[in-house]
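Residue numbers (the UniProt record's numbering): 1 to 425.
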């Protein structure tokens, strides 16, 4: 999205000399996408952004993936993966657990403590982190972003940053192999958000001033380590990690300008699109990446046809896997399934899904829904990460039938899921 910003000190013309009051020449860096052919920003460093003095292996958390085979819908209880808020917490970067993933995107979850993360750079793709709960800041080479509950934090590929939680935070992250942007149908041919879009540029909050750690003096931080996630063919998921040590601190940028930078967007600023009858998920879309889309279902008025059925109709995912993360409110369509706040449902391609049977009649006459959920649809099958396997409720697949199922298969398909009874109410 071509939305220009300028922060700090930049020269009148790009690619020309830019010096401080002592005559020191800043080093210009182009941060650009698609090989000089898409959005970019120019950053002005005191140090040399390529000056590394060491490189070591960073051993990532478990990146292995297990196919969803035999095929079934899944219910994953994410709140069971970490201690309750206030009981410690994990690193916002190194503590992420892989829940679901494919070769286009990885879905992770972490409950943080209050210690800052290491400096981190994802050189594989953009990251979209939804803040389910908590507050703090994200320090970046572009400046500082404040985050709060309900924020999407969008961090472009290869942006040096670190998370600094002010309190325990629940972070739900989409790590893409591509760039993440608003849906194309919301944008003019020049990149402006159009009138029918459910949000606009005023709702996007980027850095407002530089965040300079290095001053160019003899007391500068030196030998600063940055954790880098990058592509390594042959490793699980084609992903590897390296610990790069820099001669000076990466946060030495005195100014930048352009159309590529991190920003936040809060879900409260999303204006839902409603209709006379039930609207399909694309009207709830907020972001897109290569082979996936992100939607959010927010509190809203619902269908106003006198015979409308407010909950979704049953639908087959012909081309996609659908993942819903239940964040807040009371999600009408899933009543009777065991799903609650902190749950994920995975409804894979090849499986027709929809509301629990009793939820259909119960929804008739409803004028509004108080629900908050974040959805990602992927156009290649998703596999389960170690976090997804650990969080699974193995009985979920049978809830539409409302039967007792003995020996239902678990997440690995080895048949030890055990009995379950559901009333669908």
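Note that beta-carbon positions come from the ideal geometry of N, C-alpha and C, so glycine has one too. Given the structure is predicted, the values throughout are model-derived calculations rather than measurements.
Spatial neighbours of residue i in its chain, beta-carbon cut-off 7 Å, leaving aside the 5 residues before and after
| i | result |
| --- | --- |
| residue 255 | 7, 8, 9, 10, 44, 210 |
| residue 143 | 7, 207, 208, 209, 210, 211 |
| residue 14 | 42 |
| residue 390 | 81 |
| residue 275 | 303 |
Per DSSP, cross-strand counterpart(s) of residue i
| i | result |
| --- | --- |
| residue 39 | According to DSSP, which records beta bridges pairwise, residue 39 is partnered with nothing at all. |
| residue 301 | 368 |
| residue 77 | 343 |
| residue 285 | 295 |
| residue 56 | 243 |
| residue 375 | 295, 324 |
| residue 105 | 176 |
| residue 317 | None, per the DSSP bridge assignment. |
| residue 265 | 152 |
| residue 138 | 145, 163 |
| residue 329 | 371 |
| residue 122 | 229 |
DSSP state of residue i mapped onto helix, strand, coil
| i | result |
| --- | --- |
| residue 84 | coil |
| residue 229 | strand |
| residue 398 | helix |
| residue 272 | coil |
| residue 244 | strand |
| residue 358 | helix |
| residue 150 | coil |
| residue 211 | coil |
| residue 224 | strand |
| residue 390 | helix |
| residue 363 | helix |
| residue 257 | strand |
| residue 236 | helix |
| residue 111 | strand |
| residue 97 | strand |
| residue 186 | helix |
| residue 7 | strand |
| residue 21 | coil |
| residue 34 | coil |
| residue 133 | strand |
| residue 409 | Low confidence applies to residue 409: its pLDDT is 41, below 50, so where it sits in the model is not reliable, and the reading given next is rough at best. The answer is coil: DSSP assigns residue 409 none of H, G, I, E or B. |
Inter-residue Cα distance where the pair is residue i and residue j
| i | j | result |
| --- | --- | --- |
| residue 427 | residue 371 | Summary: the structure shown does not reach residue 427, with the chain confined to residues 1 through 425, and so no result is reported for it. |
| residue 148 | residue 283 | 25 Å |
| residue 173 | residue 22 | 43 Å |
| residue 289 | residue 61 | 24 Å |
| residue 196 | residue 187 | 9 Å |
| residue 20 | residue 27 | 11 Å |
| residue 64 | residue 386 | 7 Å |
| residue 230 | residue 12 | 35 Å |
| residue 54 | residue 222 | 12 Å |
| residue 95 | residue 305 | 47 Å |
| residue 83 | residue 69 | 30 Å |
| residue 417 | residue 139 | Its pLDDT being 37, under 50, residue 417 is placed unreliably by the model, and the measurement read from it follows with that caveat. One C-alpha to the other measures close to 44 Å. |
| residue 293 | residue 349 | 15 Å |
| residue 202 | residue 111 | 30 Å |
| residue 98 | residue 367 | 38 Å |
| residue 312 | residue 279 | 8 Å |
| residue 79 | residue 46 | 43 Å |
| residue 328 | residue 243 | 38 Å |
| residue 141 | residue 226 | 12 Å |
| residue 315 | residue 378 | 16 Å |
| residue 228 | residue 343 | 30 Å |
| residue 178 | residue 323 | 19 Å |
| residue 93 | residue 193 | 31 Å |
| residue 410 | residue 67 | Residue placement at residue 410 cannot be trusted, given a pLDDT of 41 that sits under 50; what the coordinates show is reported in the next sentence. In a straight line, the C-alpha of residue 410 is about 13 Å away from that of residue 67. |
| residue 408 | residue 72 | With a pLDDT of only 46 at residue 408, under the threshold of 50, the placement of this residue in the model should not be trusted; the figure read from the coordinates follows. When rounded, the distance between both Cα atoms is 11 Å. |
| residue 277 | residue 307 | 9 Å |
Chain-order list of residues whose beta-carbon lies under 6 Å from that of residue i (same chain, five-residue window excluded)
| i | result |
| --- | --- |
| residue 382 | 100, 102, 321 |
| residue 114 | 165 |
| residue 176 | 105, 125, 126, 289 |
| residue 157 | 125, 126 |
| residue 133 | 149, 170 |
| residue 301 | 274, 368 |
| residue 129 | 153, 171, 173 |
| residue 427 | Shown here, the chain extends from 1 to 425; a query on residue 427 therefore has no answer. |
Residues of its chain near residue i, where Cβ-Cβ distance is below 8 Å and the 5 sequence neighbours each way are ignored
| i | result |
| --- | --- |
| residue 25 | 17, 18, 19 |
| residue 271 | 198, 199 |
| residue 338 | 75, 393, 395, 396, 399, 422 |
| residue 259 | 1, 2, 3, 4, 5, 39, 40, 41, 191 |
| residue 285 | 183, 293, 294, 295 |
Closer than 8 Å to chain C by CB, residue i
| i | result |
| --- | --- |
| residue 299 | Reference to chain C is not applicable here, since this structure consists of a single protein chain. |
Mind the definition here: the segment 122 to 132 touches the segment 300 to 319 only if three or more C-beta pairs lie below 8 Å; say whether that holds.
Counting Cβ pairs under 8 Å, fewer than three are found: no touch.
Would the segment 73 to 90 and the segment 168 to 183 be scored as touching if the rule is three or more Cβ pairs under 8 Å?
Cβ pair count under 8 Å is three or more, so yes.
Do the segment 236 to 246 and the segment 266 to 280 meet, that is, are 3 or more Cβ pairs less than 8 Å apart?
Between the segment 236 to 246 and the segment 266 to 280 there are fewer than three C-beta pairs closer than 8 Å, too few to call the two in contact.
Indicate whether the contact test is met: 3 or more Cβ pairs, each with one atom in the segment 151 to 162 and one in the segment 352 to 365, closer than 8 Å.
Judged by Cβ distances under 8 Å, the segment 151 to 162 makes no contact with the segment 352 to 365, as fewer than three pairs qualify.
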